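What follows is one structure encoded as structure tokens, with my remarks underneath.
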Amino acid sequence: MELGYARVSTKKQDLTRQLDALAAAGIPDERIFVDKRTGANTERDGWKRLLAYVRPGDTITASNLDRLGRNMRECLNIVHDLTEEDIGVRTLSDPFPIDTRDDSPMAQIAVAMLALFAQMERTFMLERAAGARAALEARGGSPGRPRKLSDDALRAAKAAVNSGMDVDAVAKLHGVSRATLYRYLAELEAEQLLAEAATLDDDQDHDPDGERRTA
């Protein structure tokens, strides 16, 4: 059985193109699972329902591979885990469409390219995280140490600075010096990079969420 999956990650994105592609591939509406993220909903309930429904021998089809995960590494892990359970993965619109049930040379090249891109992404993220930590420590900062401002306040300060608000005014608004605000923002960025790098580096805990439907 072929099952479809479609996902948008922002309110401005539209599911129409993905749904049209899945319909053109012959997948009926009742076998298409959808996730549409909103400001109040970041859970992938559609994906969880799909994983609860799919069984060995089925194939999960999406318009593009990046609909399955948040980054290339996660997508690769998902493809690997599903393949291990005899669940196929197929994409329709990627430059190198994936079809794990296709043994042709081109299909195998597509999977190999996926693995290569995932490794490149992981290496780049780890290098960025290491660089951010080193730069922060050189300025006397340290990821994870206590701060006067909460993470939410720091994110609001970062948004204000990015919008063009004067840095001194933002620092004054939050009751810290300009230098302290810069250090806090650098710490927050380094923590985010390190957390993402740790996620990419964790190859032992990447099973897709959800439980399988029994045959």
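Taking the numbering used here, the leading residue of the sequence shown gets 1, the next gets one more, and so forth. Backbone N, C-alpha and C define an ideal beta-carbon position, used for all residues, glycine too. Given the structure is predicted, the values throughout are model-derived calculations rather than measurements.
Short of 8 Å from the beta carbon of ARG31, and not among the five residues preceding or following it, lie these beta carbons of its own chain, in chain order: MET1, GLU2, LEU3 and GLY4.
Going by beta carbons, ASP151 and LEU188 fall inside the 8 Å limit. Pairing LEU68 with ILE78 gives a Cβ-Cβ distance under 8 Å. Checking the DSSP bridge columns, you'll see LYS36 partnered with VAL8. In chain order, GLU189, ALA190 and LEU193 place their CB closer than 7 Å to the CB of ALA132, counting only its own chain and leaving out the 5 sequence neighbours on each side.
Contact between the region 83 to 101 and the region 54 to 64 is present: three or more C-beta pairs spanning the two stretches fall below 8 Å. Around the C-beta of ASP35, 16 or more other C-beta atoms lie within 10 Å, and the residue is accordingly described as buried.
Secondary structure of VAL54 (DSSP, three-state): coil. Assigned with DSSP and collapsed to three states, GLY26 falls in coil, not helix or strand. Counted as a single uninterrupted DSSP element, the stretch harbouring ARG155 is not any beta strand (DSSP E) but the alpha helix (DSSP H) occupying residues 151 to 162. Looking at the DSSP output, LEU3 bridges to ILE60.
For THR91, the three-state secondary structure derived from DSSP is strand. As DSSP reads the structure, ASP99 sits in a beta bridge with ARG90. Per the coordinates, the alpha-carbon of VAL167 lies some 7 Å from the alpha-carbon of ARG178. In the assembly as shown, ASP86 is an exposed residue. Its beta-carbon has fewer than 16 other beta-carbons within 10 Å. Straight-line measurement puts the Cα of PRO146 at about 18 Å from the Cα of ALA156. A distance below 6 Å between beta-carbons, with the five flanking residues on each side excluded, links ARG7 to the following residues of its chain, in chain order: ASP35 and ARG67.
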